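Student:
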Amino acid sequence: MTTSAWGLLASFLAALIVLAWPVGKFLAALCNERVPRWMQRVEAPLYKLAGTAPERSMNWRTYALALLAFNLLGAVVVYALQRLQGVLPLNPAGMGAVSADSAFNTAVSFVSNTNWQGYGGESTMSYLTQMLGLTVQNFFSAATGIAVAFALVRGFARRGEGAEGKGLVGNFWADITRITLWVLVPLSFVLAVFFVGQGVIQNFDTYKTVNTVETTAFQQPKTGADGQPLKDDKGAPVMEDATTKTQTLAMGPVASQEAIKMIGTNGGGFFNANSAHPYENPTALSNLLQMIAIFLIPAALCFAFGRVVGDMRQGWAVLAAMTIMFVVAVMVVTPAEQAGNPLVASLGVDQVSSALQAGGNMEGKEVRFGIDASALFAAVTTAASCGAVIAMHDSFTPLGGMVPMVLMQLGEVVFGGVGSGLYGMLIFAMLAVFIAGLMIGRTPEYLGKKIEVREMKLISIAILVTPILVLAGTAVAVIAGAGKAGIANPGAHGFSEILYALTSAANNNGSAFAGLSANTPFYNGLLGLAMWLGRFAMIVPVLAIAGSLAAKKRLPVTSGTLPTHGPLFVSLLIGTVLLVGLLNYVPALALGPIVEHLVLWK
8 MTTSAWGLLA
18 SFLAALIVLA
28 WPVGKFLAAL
38 CNERVPRWMQ
48 RVEAPLYKLA
58 GTAPERSMNW
68 RTYALALLAF
78 NLLGAVVVYA
88 LQRLQGVLPL
98 NPAGMGAVSA
108 DSAFNTAVSF
118 VSNTNWQGYG
128 GESTMSYLTQ
138 MLGLTVQNFF
148 SAATGIAVAF
158 ALVRGFARRG
168 EGAEGKGLVG
178 NFWADITRIT
188 LWVLVPLSFV
198 LAVFFVGQGV
208 IQNFDTYKTV
218 NTVETTAFQQ
228 PKTGADGQPL
238 KDDKGAPVME
248 DATTKTQTLA
258 MGPVASQEAI
268 KMIGTNGGGF
278 FNANSAHPYE
288 NPTALSNLLQ
298 MIAIFLIPAA
308 LCFAFGRVVG
318 DMRQGWAVLA
328 AMTIMFVVAV
338 MVVTPAEQAG
348 NPLVASLGVD
358 QVSSALQAGG
368 NMEGKEVRFG
378 IDASALFAAV
388 TTAASCGAVI
398 AMHDSFTPLG
408 GMVPMVLMQL
418 GEVVFGGVGS
428 GLYGMLIFAM
438 LAVFIAGLMI
448 GRTPEYLGKK
458 IEVREMKLIS
468 IAILVTPILV
478 LAGTAVAVIA
488 GAGKAGIANP
498 GAHGFSEILY
508 ALTSAANNNG
518 SAFAGLSANT
528 PFYNGLLGLA
538 MWLGRFAMIV
548 PVLAIAGSLA
558 AKKRLPVTSG
568 TLPTHGPLFV
578 SLLIGTVLLV
588 GLLNYVPALA
598 LGPIVEHLVL
608 WK
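Listed below in structure tokens is the structure:
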């Protein structure tokens, strides 16, 4: 890595810790249900309207049912908005109804905090759909993840005495209201105002047609007399040459969606180019703030975890494990991109940085940000289950593209999504102490709670859900004719495109390797199923674990208790994450990016 790359990484992490500390303190207060009286007065009408009382705590089953019902209703609303947007207001571009399969995929995607996009936002979604459907779910899906993390942390913190002995984990309606109202909305408002100051657009104007400096040549599908696209004997569209001297510039309320897109680790872009578009991410400063915003709440939740369980060392240990794995990932992807492409070098193109070029692999990257920022952003967005991109991962070198894929395959626990990163890492922490308990012949304990047979069964389900979805889904896609039809590149790279898509969907990341024609009934259905199960088939076992832990009495620390806050435990936790993640996916990775790297550098 270059000096500039190290400096960018150090600045990013330093700013992150400084900002995450106070946010973590506030999140801990919400998790402990310590809300000032003036906040309670603001909340009261909302609870009255919903017919619930915030002090009425729920067991894990009731909490899970409320969560599932809320998110299912959200999916129905987003689906309906897409199907009806042609007759609804705030549609200056005259967008028609979204197809049924694409609307299903998008509804599931935004409700599950995945934000996978098989469509171009500026050419598919009206302003109303973007705001009332997608942006609203950006808030609610993020709040859902944090609420689940709250429930699990309460399970560790409670002592199993009195009412807590019934396994109560909190009130879902109170949690999601407070998280949205007092955390996500204020942070998003501040960030949106900052983005507007940097040049991100925020308006309801009609699309603008402007004259270009030069004539642009392009190809477009050729149509017949009936206006339908012509196809050749293989079913591929017939293309024809065309030119234009104008360009249509999409407008819209972008800054408001961009803010929660980052704060909530959502990742769904207003524009098809996502954060590579200058209207979403115009400057180097906005780019840095977007990366910090992605990691802000996941890092802050580590501090909140330490405060709630009464031992800040526990939060620091989890944060240390996340940070170490993240830094190692950056140390792999950045040099891989700086090394460039040997095939390009063989053509006599200088790969070394000079006054005339950035050097390295600049394909698919914004000149505004360069290799260092693009590589760091790729690691941030895939480590944090966000999915926003400023560079096309499909154009990364094989090893550079493998890093984002592996970060997702580890279970999105290297910071991870808001809430989901913490509860995913705590699942691995319980598995780590179970493995350590087997080594020394003791019943495993974590934070004074015994990890017994019931918890281990639930942990196994939570950990195995996503690998099964990814590997089984990839197998189906590479066998089915409809799956193979979407591959744009042959060989190992084409396999990587499918593996990346299923990895992104099942782990609720949402970034795409590109090159895969995924907006088809086959992929919309397959990826939609993977996104829904990848989200909620993990959340339910986590809530069951939370309820089980909340009902257990906390055990006192003894000389035989494994310390879970020092370097030894951090190493054990990292080893567990890598062992489970890599063992699941190494054979699949060997068929994709690994063999592609060997062929490229032969």
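Quick note on the numbering used here: the sequence shown kicks off at 8 and runs consecutively. Backbone N, C-alpha and C define an ideal beta-carbon position, used for all residues, glycine too. The model shown is predicted, which means the values in this text are computed figures rather than measured ones.
In terms of alpha-carbon separation, which member of P349, G488, N281, A521 lies closest to E504?
Tutor: Within the sequence shown, the letter at position 497 stands for residue 504. The option with the nearest alpha carbon to E504 is A521.
Student: Just to confirm the assignment: which complete alpha helix (DSSP H) runs, minimum length 4, are found wholly within the segment 165-243?
Tutor: Counting whole runs of 4 or more residues, the segment 165-243 contains the alpha helix (DSSP H) stretches 179-186, 192-205.
Student: Which stretch, first to last residue, makes up the beta strand (DSSP E) that contains D248?
Tutor: Against the sequence shown, residue 248 aligns to sequence position 241. From DSSP, the beta strand (DSSP E) with D248 extends over 246-256.
Student: Output the distance between the C-alpha atoms of L363 and A352, rounded to the nearest integer angstrom.
Tutor: Start at 1 with the first residue of the sequence shown, and residue 363 comes out as number 356. Start at 1 with the first residue of the sequence shown, and residue 352 comes out as number 345. Unreliable positioning characterises L363 in this predicted model, as indicated by a pLDDT of 45, which lies under 50. A coordinate reading is not provided.
Student: Would you mind stating whether T404 and H604 have Cβ atoms separated by less than 9 Å?
Tutor: As a working mapping, residue 404 is identified with position 397 in the sequence shown. As a working mapping, residue 604 is identified with position 597 in the sequence shown. Closer than 9 Å, so yes.
Student: If you check the beta carbons only, do A382 and T388 fall under 9 Å apart?
Tutor: Indexing the sequence shown from 1 puts residue 382 at position 375. Indexing the sequence shown from 1 puts residue 388 at position 381. No, they are not a contact pair.
Student: Helix or strand or just coil, what does DSSP make of Y286?
Tutor: Walking along the sequence shown from the start, residue 286 turns up at place 279. DSSP places Y286 in coil when its eight states are reduced to three.
Student: I'd like to check one pair, N210 with G167: are the Cβ atoms closer than 9 Å?
Tutor: Indexing the sequence shown from 1 puts residue 167 at position 160. Indexing the sequence shown from 1 puts residue 210 at position 203. No, the pair does not count as a contact, with Cβ atoms beyond the cut-off.
Student: Rounded to a whole number of angstroms, what is the C-alpha to C-alpha distance between Q89 and H284?
Tutor: Looking up residue 89 in the sequence shown gives position 82. Looking up residue 284 in the sequence shown gives position 277. For Q89 and H284, the distance between alpha carbons rounds to 23 Å.
Student: What is the residue span of the alpha helix (DSSP H) that R542 lies within?
Tutor: Locating residue 542 in the sequence shown gives position 535, counting from the first residue. Taken as a continuous stretch (DSSP letters only), the alpha helix (DSSP H) holding R542 covers 528-557.
Student: Please decide whether R542 counts as near chain B, where near means a Cβ-Cβ distance under 9 Å.
Tutor: You won't find chain B in this structure, because it holds only one protein chain.
Student: Checking 9 Å against the spacing of the C-beta atoms, do T151 and I470 come in under that value?
Tutor: The count along the sequence shown starts at 1 and reaches residue 151 at position 144. The count along the sequence shown starts at 1 and reaches residue 470 at position 463. No.
Student: Flag this pair as touching only if the segment 109-129 and the segment 177-188 have three or more C-beta atom pairs under 8 Å; answer yes or no.
Tutor: Result no; under three Cβ-Cβ pairs closer than 8 Å.
Student: In the DSSP assignment, the alpha helix (DSSP H) including F19 goes from what residue to what residue?
Tutor: As a working note, residue 19 is residue 12 in the sequence shown. Element bounds for F19: 10-38.
Student: Out of N281, F435, E373, K491, which has the shortest C-alpha to C-alpha gap to G582?
Tutor: In the sequence shown, residue 582 corresponds to position 575, counting from 1. That would be F435, whose Cα lies nearest to the Cα of G582.
Student: Look up L417 in the DSSP assignment and say whether it is helix, strand or coil.
Tutor: Along the sequence shown, read from residue 1 onward, the residue named residue 417 stands at position 410. Note: L417 maps to coil in three-state DSSP.
Student: Out of A73, M132, F77, which has the shortest C-alpha to C-alpha gap to M102?
Tutor: Position 95 of the sequence shown holds residue 102. Residue M132 is the option with its Cα nearest to M102.
Student: Give the secondary structure of I494 by DSSP, where H, G and I count as helix, E and B as strand, and everything else as coil.
Tutor: Position 487 of the sequence shown, counting from 1, holds the residue named residue 494. I494 falls in the strand class under three-state DSSP.
Student: Going by C-alpha distance, which of L536, T341, A156 is nearest Y70?
Tutor: Translated into the one-based positions of the sequence shown, residue 70 becomes position 63. When each option's Cα is compared against that of Y70, the closest is A156.
Student: In three-state terms, what does DSSP make of N66?
Tutor: Sequence index remark: in the sequence shown, residue 66 carries index 59 (1-based). Of the three classes helix, strand and coil, the one that applies to N66 here is strand, per DSSP.
Student: Are there 16 or more other CB atoms within 10 angstroms of the CB of V118, so buried, or fewer, so exposed?
Tutor: As a working mapping, residue 118 is identified with position 111 in the sequence shown. Counting Cβ neighbours within 10 Å, V118 comes out buried, since at least 16 surround it.
Student: Per DSSP, what kind of secondary structure is L97 in: helix, strand or coil?
Tutor: Locating residue 97 in the sequence shown gives position 90, counting from the first residue. Residue state, collapsed to three classes: coil.
Student: Examine the Cβ distances between the segment 476-494 and the segment 507-518 and report whether three or more of them are shorter than 8 Å.
Tutor: Short answer: they touch.
Student: Start and end of the alpha helix (DSSP H) containing G428?
Tutor: Here the question's residue 428 lines up with position 421 in the sequence shown. It spans 427-447 - the alpha helix (DSSP H) in which G428 sits, taken as one unbroken run.
Student: When the distance is taken between beta carbons, is N112 closer than 9 Å to M399?
Tutor: Along the sequence shown, read from residue 1 onward, the residue named residue 399 stands at position 392. Along the sequence shown, read from residue 1 onward, the residue named residue 112 stands at position 105. Not in contact: M399 and N112 (Cβ atoms no closer than 9 Å).
Student: Pairs of beta-carbons, one from the segment 193-207 and one from the segment 286-298, closer than 8 Å: are there three or more?
Tutor: The segment 193-207, when compared against the segment 286-298, does touch it at the 8 Å Cβ threshold.
Student: Going by DSSP, name the residue or residues bridged to K456.
Tutor: To locate residue 456, count along the sequence shown from 1; it is residue 449. Paired residue(s): Y453.
Student: Specify, as a first and last residue, the run of the alpha helix (DSSP H) that P305 falls within.
Tutor: The sequence position of residue 305 within the sequence shown is 298, counting from 1. Taken as a continuous stretch (DSSP letters only), the alpha helix (DSSP H) holding P305 covers 291-315.
Student: Could you check where the alpha helix (DSSP H) with N112 kicks off and where it finishes?
Tutor: Against the sequence shown, residue 112 aligns to sequence position 105. Element bounds for N112: 107-118.
Student: How many angstroms separate the CA atom of L433 from the CA atom of W323?
Tutor: Taking the first residue of the sequence shown as 1, we reach residue 433 at position 426. Taking the first residue of the sequence shown as 1, we reach residue 323 at position 316. Distance between the alpha carbons of L433 and W323: 13 Å.
Student: Near F333, what residues of its chain come up, given a Cβ to Cβ distance below 6 Å and the 5 sequence neighbours on each side ignored?
Tutor: What you label residue 333 is simply residue 326 of the sequence shown in a count that begins at 1. Only A390, V421 meet the Cβ criterion.
Student: Given a threshold of 16 other Cβ atoms within 10 Å of its Cβ, counted over all protein chains shown, does T272 qualify as buried or as exposed?
Tutor: Position 265 of the sequence shown, counting from 1, holds the residue named residue 272. Per the 10 Å Cβ criterion, buried.
Student: Determine which residues share a DSSP beta bridge with A398 and list them.
Tutor: Sequence index remark: in the sequence shown, residue 398 carries index 391 (1-based). Looking at the DSSP assignment, A398 forms a beta bridge with K372.
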